[in-house]
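Chemist: I am attaching a structure below and will ask some questions about it afterwards.
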């Protein structure tokens with residue numbers, strides 16, 4: 007197992023960022039000749055709305071997918087660098103990673119379903135063990151669920 011640092015006393019070094027993904031596509035009838043046109047816009051207010059070819063629209067879609075991937079990466083990084091350390095600090099949780107393949111060698115299905123487990127030390131400290139390589143948002147949700155379950159059990 008590898009121990010992960012959990013202190014969040016210093017401010018995050020996550021830089022301010024803005025990533026925008028916007029694409030509108032529609033088929034509209036031309037008012038002059040009644041023929042359908044494919045239109046697209048990449049601005050939220052549609053000031054760049056224009057007639058476009060299907061090929062050009064698919065190219066725009068691919069650019070938007072790349073933007074969405076960057077947005078997802080930003081959310082994952084925020085969860086990892088800001089939310090998770092703050093949550094661990096607030097609840098006094100120690101976090102460790104464990105390779106699920108080493109834990110569940112005899113049953114790979116258990117390894118695939120392993121999200122997190124917790125244990126309490128005799129001195130009252132809480133240890134949460136998570137699989138290596140787990141996405142930060144999934145990790146935060148698993149830790150939150152464990153804390154919620156522990157609080158319900160104590161009530």
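In our numbering, the protein residues as written are 7 to 161. The C-beta atom is built at its ideal place from N, Cα and C for all residues, glycine as well. If you're wondering where the values come from, they're calculated on a predicted model, not measured in any experiment.
Whose C-beta lies closer than 8 Å to the C-beta of residue 143 among residues of the same chain, with five residues either side of it excluded?
Modeler: The count along the chain shown starts at 1 and reaches residue 143 at position 137. For residue 143, where only same-chain residues beyond five positions count, the Cβ hits under 8 Å are 81, 82 and 85.
Chemist: Below 8 Å on the Cβ atoms is my guess for residue 48 versus residue 34; work out the distance and round it to an integer in Å.
Modeler: Mapped onto the chain shown, residue 48 falls at position 42. Mapped onto the chain shown, residue 34 falls at position 28. With a Cβ gap of about 17 Å, residue 48 and residue 34 do not count as contacting.
Chemist: Taking only the alpha-carbon atoms, compute the straight-line gap between residue 149 and residue 46 and give it to the nearest angstrom.
Modeler: Residue numbering aside, residue 149 sits at position 143 when the chain shown is read from its first letter. Residue numbering aside, residue 46 sits at position 40 when the chain shown is read from its first letter. The alpha-carbon atoms of residue 149 and residue 46 are separated by roughly 42 Å.
Chemist: Return helix, strand or coil for residue 56, following the three-state DSSP convention.
Modeler: Here the question's residue 56 lines up with position 50 in the chain shown. Residue 56 falls in the strand class under three-state DSSP.
Chemist: Report back the beta-carbon spacing between residue 58 and residue 25 to the nearest angstrom; my notes put them in contact at under 8 Å.
Modeler: In the chain shown, counting from the first residue as 1, residue 58 sits at position 52. In the chain shown, counting from the first residue as 1, residue 25 sits at position 19. Actually they do not touch by this definition, with Cβ atoms about 23 Å apart.
Chemist: Run through DSSP, which three-state label would residue 35 get?
Modeler: Translated into the one-based positions of the chain shown, residue 35 becomes position 29. In the structure shown, residue 35 sits in a strand (DSSP, three-state: E or B).
Chemist: Rounded to whole angstroms, what is the Cα-Cα separation between residue 141 and residue 90?
Modeler: Looking up residue 141 in the chain shown gives position 135. Looking up residue 90 in the chain shown gives position 84. Answer to the nearest angstrom: the Cα atoms are 12 Å apart.
Chemist: With burial defined as no fewer than 16 other Cβ atoms inside 10 Å of the residue's Cβ, what is the status of residue 74: buried or exposed?
Modeler: Walking along the chain shown from the start, residue 74 turns up at place 68. With fewer than 16 other Cβ atoms within 10 Å, it is exposed.
Chemist: Would residue 125 and residue 133 be called neighbours here (beta carbons separated by less than 9 Å)?
Modeler: Translated into positions along the chain shown, residue 125 becomes position 119. Translated into positions along the chain shown, residue 133 becomes position 127. The answer is yes: Cβ separation under 9 Å.
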